[in-house]
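Trainee:
Number of protein chains: 2
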Amino acid sequence: MAESASKQDHFVGVDLGGTKILAGVFNHHLKCAGRSKLSTKAQRGPDAVIERVARCVRDAVDECDLDLKRIKGVGVGAPGPVDPESGKVIVGPNLSWEDVPLKKEVEKLLDVPVFVENDCNICTLGVYETELQSKPQHMVGIFIGTGIGAGLILNGKLFSGFNKTAGEIGHMILEVGGPKCSCGNRGCFEALASRQAIFRRIQTAVKDGQKTILTEMLGDDLTDMRSGDLRKALRRGDKFLERMIEEAAEYIGIGVANVINLLNPEVVVLGGGIIDALEDDMMAIIIETAKDYALSGTAKGIEILASKLADDAGIVGGAVLARRETK
Amino acid sequence: MAESASKQDHFVGVDLGGTKILAGVFNHHLKCAGRSKLSTKAQRGPDAVIERVARCVRDAVDECDLDLKRIKGVGVGAPGPVDPESGKVIVGPNLSWEDVPLKKEVEKLLDVPVFVENDCNICTLGVYETELQSKPQHMVGIFIGTGIGAGLILNGKLFSGFNKTAGEIGHMILEVGGPKCSCGNRGCFEALASRQAIFRRIQTAVKDGQKTILTEMLGDDLTDMRSGDLRKALRRGDKFLERMIEEAAEYIGIGVANVINLLNPEVVVLGGGIIDALEDDMMAIIIETAKDYALSGTAKGIEILASKLADDAGIVGGAVLARRETK
Chain A
1 MAESASKQDH
11 FVGVDLGGTK
21 ILAGVFNHHL
31 KCAGRSKLST
41 KAQRGPDAVI
51 ERVARCVRDA
61 VDECDLDLKR
71 IKGVGVGAPG
81 PVDPESGKVI
91 VGPNLSWEDV
101 PLKKEVEKLL
111 DVPVFVENDC
121 NICTLGVYET
131 ELQSKPQHMV
141 GIFIGTGIGA
151 GLILNGKLFS
161 GFNKTAGEIG
171 HMILEVGGPK
181 CSCGNRGCFE
191 ALASRQAIFR
201 RIQTAVKDGQ
211 KTILTEMLGD
221 DLTDMRSGDL
231 RKALRRGDKF
241 LERMIEEAAE
251 YIGIGVANVI
261 NLLNPEVVVL
271 GGGIIDALED
281 DMMAIIIETA
291 KDYALSGTAK
301 GIEILASKLA
311 DDAGIVGGAV
321 LARRETK
Chain B
1 MAESASKQDH
11 FVGVDLGGTK
21 ILAGVFNHHL
31 KCAGRSKLST
41 KAQRGPDAVI
51 ERVARCVRDA
61 VDECDLDLKR
71 IKGVGVGAPG
81 PVDPESGKVI
91 VGPNLSWEDV
101 PLKKEVEKLL
111 DVPVFVENDC
121 NICTLGVYET
131 ELQSKPQHMV
141 GIFIGTGIGA
151 GLILNGKLFS
161 GFNKTAGEIG
171 HMILEVGGPK
181 CSCGNRGCFE
191 ALASRQAIFR
201 RIQTAVKDGQ
211 KTILTEMLGD
221 DLTDMRSGDL
231 RKALRRGDKF
241 LERMIEEAAE
251 YIGIGVANVI
261 NLLNPEVVVL
271 GGGIIDALED
281 DMMAIIIETA
291 KDYALSGTAK
301 GIEILASKLA
311 DDAGIVGGAV
321 LARRETK
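Line by line, the protein sequences give chains A and B.
Residue 1 is where the first sequence starts when you use the working numbering, and the numbers rise one by one after that.
Residue 1 is where the second sequence starts when you use the working numbering, and the numbers rise one by one after that.
In structure tokens form, the structure reads like this:
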């Protein structure tokens, strides 16, 4: 075997979610060489999930005709607070995990250095490294999907705070006394603007007799509704849905303004399933609302952008983390 | 003159406010040796105010029988965003200032090194250095007075963000569609829990026929009401006022929870005129509400305290800044 063939010049990024595991192999320039996907099977417990993470990494490496010997590091994004030093997942709400030594266990199975971070942090890192050429000192990534989470980069570094939970923006109160959130409180950002919140508002209105193209597309009870369905109905001129999406975009803009008022980052990047599907319909409203609600002068020169990484944010970010940590 | 007599072993802290200027002389252990006070006279323009800042420093130094030669540095807290490197006040909303080179001009008049920071940042620094023995890595100081502002210490250092406006927490939206704020938006933290907001709610209720001990104390139109009057009326068992203060404390608790969810600092310190006057009535409610609204796990081990520095926070912080910068 030629010497170059065994050079450790690739990284694997892993996105460990509540329902699926994604892994991607990237070269040093963060070009994707191959990928794989497995269901998480969280109900089987941490050991089984850890084995599946390792298997997903092996599958992705095999997919691009490489060998684990070529992998310099693996970066894993996990839901919930993570201690990056020990590589432990402190709490994994979607996985029913508590204090799981993910780094150590995956390293045992793969014999490759593994680095673990919170999933929103890792997505923010991926956006920062691959989409922001200006390399701002301070940026915030906000991800709007089933829930809402954020990652903070301050002074060029990920910021996790005291309990490693910084960025829990989904539970920032925007409307005291507002709609009930899954966390038990009322008026959280997540209860106003997440996919779940938008879907619930649509379903409630339909039950109350509201007409929408969505029921023609999906049936009266709107089961199996997806973010992409909203986009399709909007394209067909659904005025009711337009109002719903405008309202959600306004809440997102207010959430962004709160972040600008409190942290004053140079760049705010929005991502996640709702933004991926509805960028064209939402971003202009989000930006206008954020600038309206940010205190005069605070938003000057601040960029508010949509990420283009979509579902790849987690695996790209994982590879970026592994590359940073093995430098 | 003995050599030690001319040693530069003192610092001056200056609190430059919209209506008054306070200066305090401190030794190396931050013990106050003397102080002075002047009205600001903002309407006379920046040059006149700068001359008064210098005069206030000279007065304080003279008050404690010292000489400017004994002063190693002067730290000034100014309202609005400040560029600490150039020492310019970018915008001074209460002073009608724009781009005023405060550091350079005061240095010219005093021939002593001068350092300038935002007033909330400087108060936070004063609290951090003199009241927190644990020296946490991350803390937030929230000051509730006529308005509401905050200072952030992250990784042991003041954090100002891109436009030097980080900490504008008073304009964080807590209640979309809530009461009108002086900034033009609705539902800002400041419009719900500042002194102005509390006073307005009391005055509106009284106009609508609400009975309160305050009108016996101050007359029906409640002119010249001060935070201390609220405390006195509470001590006399005013149930209406109790509800008002409880409501404000709950809003403050929600504001604190938002900060904990987003930034996850180790310590949150509350200060300012409202907290100074009503600490005993508000702090327990603030802490309980903050822990209720912070996402499960995020507030673990986080301390929420009231500062004891009261009106001295600004001058103490100024001296701390000068000591840090001349090390």
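Positions of the beta carbon are idealized from the N, C-alpha and C atoms, including for glycine.
Using 8 Å as the threshold, is the C-beta distance between serine 17(A) and threonine 40(A) below it?
Mentor: Inspection of the sequence shows that residue 17(A) is occupied by glycine rather than by serine. A contact, by the Cβ cut-off of 8 Å.
Trainee: Between lysine 20(B) and serine 86(A), what straight-line distance do the alpha-carbon atoms span, to the nearest angstrom?
Mentor: Approximately 51 Å between the Cα atoms of the pair.
Trainee: Would you call alanine 48(A) buried or exposed, if buried means 16 or more other Cβ atoms sit within 10 Å of its Cβ?
Mentor: Counting Cβ neighbours within 10 Å, alanine 48(A) comes out exposed, since fewer than 16 surround it.
Trainee: Relative to the C-alpha of aspartate 224(A), which residue among Ile285(A), Gln203(A), Arg243(A), Glu242(A) is closest?
Mentor: Aspartate 224(A) has its Cα closest to that of Gln203(A), out of Ile285(A), Gln203(A), Arg243(A), Glu242(A).
Trainee: So, does the segment 119-135 of chain A touch the segment 302-321 of chain A, judging by three or more C-beta pairs under 8 Å?
Mentor: Contact holds: three or more Cβ-Cβ distances are below 8 Å.
Trainee: State buried or exposed for serine 96(B), treating a residue as buried only when at least 16 other CB atoms are found within 10 Å of its CB.
Mentor: Looking at its Cβ environment, which holds fewer than 16 other Cβ atoms inside 10 Å, serine 96(B) is exposed.
Trainee: When burial is assigned at 16 or more other CB atoms within 10 Å of the CB, is alanine 284(A) buried or exposed?
Mentor: It counts as exposed.
Trainee: Taking lysine 300(A) as the query, report the chain B residues whose CB atoms sit under 7 Å from its CB, ordered along the chain.
Mentor: The answer, in chain order, is Asn163.
Trainee: Only counting the same chain, and skipping five residues up and downstream in sequence, which positions put a Cβ closer than 7 Å to that of valine 53(B)?
Mentor: Excluding residues within five positions, the ones whose Cβ falls inside 7 Å are Val14, Leu16, Ile21, Val76, Val106.
Trainee: For the ligand MN, I want to know if serine 296(B) counts as a neighbour, meaning its beta carbon is within less than 7 Å of at least one of the ligand's heavy atoms.
Mentor: Absent from the structure shown: the ligand MN. Ligands present: none.
Trainee: For a cutoff of 8 Å on Cβ pairs, would you count glutamate 344(A) as touching chain B?
Mentor: Nothing about residue 344(A) can be read from this structure; chain A reaches only from 1 to 327.
Trainee: Could you check if asparagine 185(A) is buried or exposed, using at least 16 other CB atoms within 10 Å of its CB as the buried criterion?
Mentor: Buried, because 16 or more other Cβ atoms sit within 10 Å of the Cβ of asparagine 185(A).
Trainee: With a 10 Å radius around its C-beta and 16 neighbouring C-beta atoms as the bar for buried, classify alanine 135(B) as buried or exposed.
Mentor: Reading the sequence as shown, one finds lysine at residue 135(B) and not alanine. Burial call: exposed.
Trainee: From the beta carbon of histidine 29(A), is the nearest beta carbon of chain B less than 8 Å away?
Mentor: No, no contact with chain B.
Trainee: Whole angstroms is fine: what's the gap from alanine 249(B)'s alpha carbon to leucine 270(B)'s?
Mentor: Roughly 11 Å between the two C-alpha positions.
Trainee: With 9 Å as the C-beta to C-beta threshold (strictly closer), list the residues of the segment 251-283 of chain A near chain B in chain order.
Mentor: Those would be Tyr251, Ile254, Gly255, Ala257, Asn258, Val259, Ile260, Asn261, Leu262, Leu263, Asn264, Pro265, Glu266, Val267, in chain order.
Trainee: Check whether the segment 252-269 of chain A touches the segment 227-243 of chain A, taking contact to mean three or more Cβ pairs, one atom from each stretch, closer than 8 Å.
Mentor: Judged by Cβ distances under 8 Å, the segment 252-269 of chain A makes no contact with the segment 227-243 of chain A, as fewer than three pairs qualify.
Trainee: Between asparagine 185(B) and chain A, is the shortest Cβ-Cβ distance under 8 Å, so that the two count as touching?
Mentor: So yes, asparagine 185(B) belongs to the interface.
Trainee: May I ask you to list the residues that DSSP assigns as paired with asparagine 27(B)?
Mentor: Asparagine 27(B) is bridged to His10(B).
Trainee: Smallest Cα separation from threonine 165(A): which of Glu190(B), Leu263(B), Leu154(B)?
Mentor: Looking at the Cα atoms, Leu263(B) is the closest of the given residues.
Trainee: So what's methionine 139(A) in DSSP terms, helix, strand or just coil?
Mentor: Strand, per DSSP.
Trainee: Glycine 384(B) to glutamine 43(A), Cα distance in whole Å?
Mentor: Examination of residue 384(B) is not possible in this model, given that chain B is present from 1 through 327 alone.
Trainee: When you compare the CB of methionine 217(B) with every CB in chain A, is at least one pair closer than 8 Å?
Mentor: By this cut-off, methionine 217(B) is not an interface position.
Trainee: Would the beta-carbon of isoleucine 198(A) fall within 8 Å of that of methionine 139(A)?
Mentor: No, Cβ-Cβ distance for isoleucine 198(A) and methionine 139(A) is not below 8 Å.
Trainee: To the nearest angstrom, how far is the alpha carbon of glutamine 235(B) from that of tyrosine 251(B)?
Mentor: Note on residue identity: the sequence assigns arginine, not glutamine, to residue 235(B). Roughly 22 Å between the two C-alpha positions.
Trainee: Relative to the alpha-carbon of threonine 146(B), which residue among Asp276(B), Asn261(B), Leu295(B) has its alpha-carbon at the smallest distance?
Mentor: The option with the nearest alpha carbon to threonine 146(B) is Asp276(B).
Trainee: Whose CA, out of Thr215(B), Val57(B), Phe189(B), Val256(B), lies closest to the CA of glutamate 175(B)?
Mentor: Of Thr215(B), Val57(B), Phe189(B), Val256(B), the residue nearest in Cα terms is Phe189(B).
Trainee: Would phenylalanine 328(B) pass as an interface residue toward chain A - the criterion being a Cβ-Cβ separation below 8 Å?
Mentor: In the structure as shown, chain B begins at 1 and stops at 327. Residue 328(B) is therefore absent and cannot be evaluated.
Trainee: Just reading off the alpha helix (DSSP H) that lysine 103(B) is part of, what are its end residues?
Mentor: Here the alpha helix (DSSP H) through lysine 103(B) covers 102-110.
Trainee: Buried or exposed: which applies to aspartate 340(A), given that a residue is buried once 16 or more other Cβ atoms fall within 10 Å of its Cβ?
Mentor: With chain A represented from 1 up to 327, any question about residue 340(A) goes unanswered, as that position is not in the structure.
Trainee: I'd like to know whether the C-beta atoms of threonine 124(B) and glycine 161(B) end up nearer to each other than 8 Å.
Mentor: Their beta carbons are not under 8 Å apart, which means threonine 124(B) does not touch glycine 161(B) by this criterion.
Trainee: With a threshold of 8 Å between beta-carbons, can glycine 87(B) be considered close to chain A, or not?
Mentor: No, glycine 87(B) does not count as interfacial toward chain A.
Trainee: Residues in the segment 146-170 of chain A with C-beta within 9 Å of chain B's C-beta atoms, listed in sequence order?
Mentor: Listed by position along the chain: Ala150, Leu152, Leu154, Asn155, Lys157, Phe159, Ser160, Gly161, Phe162, Asn163, Lys164, Thr165, Ala166, Gly167, Glu168, Ile169, Gly170.
Trainee: Check glutamate 3(A) in the structure and name its three-state DSSP category.
Mentor: Residue confidence is low: glutamate 3(A) scores 47 on pLDDT, short of 50, so the model does not pin down where it sits. Its coordinate-derived value is still stated next. Three-state DSSP puts glutamate 3(A) in a helix.
Trainee: CA-CA distance, methionine 1(B) and isoleucine 153(B)?
Mentor: Residue confidence for methionine 1(B) is low, a pLDDT of 43 falling below 50, so the modelled location carries little weight and cannot support an answer.
Trainee: Do you know how far the Cα of alanine 299(A) is from the Cα of isoleucine 260(A)?
Mentor: If you take the alpha carbons of isoleucine 260(A) and alanine 299(A), they lie about 7 Å apart.
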